[in-house]
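Enquirer: Okay, here's the structure, questions in a sec.
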Amino acid sequence: KHFTLRGHGGPRLRGRGTRTVHAVDDVGFRIDGGRTLAVIGESGCGKSTVAKLLLGLLSPTSGTITVTGERRIQLVAQNPWSALNRRKTIGHALDQPLRIHRRDLDARGRAARIRQLLELTSLPAEFLDRYPADVSGGELQRVTIARALAAEPRVLVLDEPTASLDVSVKAGLVNLLCDLRDDLGLTYLLITHEIDVARLLADEVLVMYLGHVVESGDADEVFDRPAHPYTRSLLDSVPVPDPRRRRTLLPLTGDVPSAVDPPSGCRFRTRCPHAVEKCAGARPDAVDIAPGHTAACHLTA
Ligand code: SF4
Ligand code: MG
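Here UniProt numbering is used: the first residue of the sequence shown is 12, the next is one more, and so on.
This is how it looks when you write it as C-alpha cells:
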C-alpha cells in the first residue's frame, strides 16, 4: 500500500501588488506502507503546507492535488497545548474520537480502548482524570498521539512532533514513534526542521526550499551523500558528533526569502555559495544522482 500526492497550492498570501503565490509548487511524493517519509527544510519552506494539502485542510489555489491510496490519515499537530481542550480531561479527549470512529464500541468498549491507547503510548491509567495542564509537554504530546490513534489511522502526519520538547524528552518520543510504527504497521509523513529527528525516523527524505523540492531519495543516501547545496548547508548547520563525517562546513546564513517574491531561476541562489549566472535564469530540473536519489541544481545536472 502506498499513497501519492502531486500538485501545487497553498494559502493565498497577499503581498506587494496582491499577487497570489504558491507556498508549494508541484510537489509529488509517494510513501510505501509502513515507511516514513521526512519532509525537511527550514521554517517557511512549505513543509506544513504539504501536510495541510494532504489532509484536505487547505485547498489548492490552482492546479489539483491528487492523493491516491490510503485515506485513513490523522494529524499529530505541532503544539499539543493548542490541540487539546484545557477544560476537558485527557479521558474525554480520547473518548471523543472513539465516539466518531468506533461506533461499534459501547461505553465499556470505549473505556477499554482508552486504557489500551494509554498503554500503547506508555502513559499511566491515572491520566484519564487529569487535565492537560496537569501533565508535562512530552506526556501531552503522547496524549495527542494516543488521540490520533483512536481514529484507527493507517497514516500519521507528524508536524514537528518534537519541536516543543526538551532534548531528553525528545529521544523518548522518537523511540515511541518507532515502536508504534513497527507494532501497528503505521506509515508516517514526518514534517520537521530537526535533522537529528529525521535521521532517526526517516526511510525516505524530501528536502524543500521555498515550496520547491530540491532533493529527494533514500534517507541514508541523502544524509550521507547530500547532493544539493541547500541540503549540504542544512546538514552543516547541525553539529555532527563524528568529525570524520564533517565536510567543508557551509552553514546557512540569512533568512529564507519571502514566498511572495521568490528569486527567479533557482530559489536558493540568494544564499547559495556556488551560485553562477545561469542560476538566475531557468529553474533547475530534478535529475537522478543515484537510483532513487534526485537533486535539482544546475551544477549536478
Ligand atoms: Fe546553487 Fe545554482 Fe545549484 Fe541553485 S542551481 S543550488 S544557486 S548552484
Ligand atoms: Mg511548519
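Backbone N, C-alpha and C define an ideal beta-carbon position, used for all residues, glycine too.
Please state the DSSP three-state secondary structure of S147.
Expert: Reduced to three states, the DSSP call for S147 is coil.
Enquirer: Below 8 Å, can you find three or more Cβ-Cβ pairs linking the segment 290-298 to the segment 203-220?
Expert: The answer is no - the segment 203-220 does not touch the segment 290-298, with fewer than three Cβ pairs under 8 Å.
Enquirer: Listed by chain order, which residues have C-beta atoms less than 5 Å from any heavy atom of ligand 1?
Expert: Those satisfying the condition are, in chain order, P240, C277, F279, R280, C283, H285, A286, C290, P295, C308, H309, L310.
Enquirer: Just tell me which of D145, L188, S175, A209 has its CA closest to the CA of A157.
Expert: Among D145, L188, S175, A209, the Cα nearest to that of A157 belongs to L188.
Enquirer: Which partner residues of Q85 appear in the DSSP bridge assignment?
Expert: Paired residue(s): L167.
Enquirer: Could you tell me if the beta carbon of R83 falls within a distance shorter than 6 Å of some heavy atom in ligand 3?
Expert: Looking for ligand 3 in the displayed structure turns up nothing; the ligands present are ligand 1 and ligand 2.
Enquirer: Going by C-alpha distance, which of S248, T264, V267, Y241 is nearest T311?
Expert: The candidate whose alpha carbon is nearest that of T311 is Y241.
Enquirer: Can you check whether the CB of L197 is closer than 7 Å to the CB of L191?
Expert: Yes. Within cutoff.
Enquirer: DSSP beta-bridge partners for A49?
Expert: For A49, which the question treats as bridged, DSSP gives the partners L201, V216.
Enquirer: Quick one: is P302 buried, meaning 16 or more other Cβ sit within 10 Å of its Cβ, or exposed?
Expert: Result: exposed.
Enquirer: I'd like to check one pair, T173 with V153: are the Cβ atoms closer than 7 Å?
Expert: The sequence shown places Arg at residue 153, not Val. Cβ distance not < 7 Å, so R153 and T173 don't count as in contact.
Enquirer: Roughly how many whole angstroms lie between the Cα atoms of A104 and G149?
Expert: Looking at the two C-alpha atoms, the distance is approximately 16 Å.
Enquirer: From which residue to which residue does the beta strand (DSSP E) around D229 run?
Expert: Segment 223-229, the beta strand (DSSP E) holding D229.
Enquirer: So, with DSSP's three-state summary, where would you put F279?
Expert: F279 falls in the coil class under three-state DSSP.
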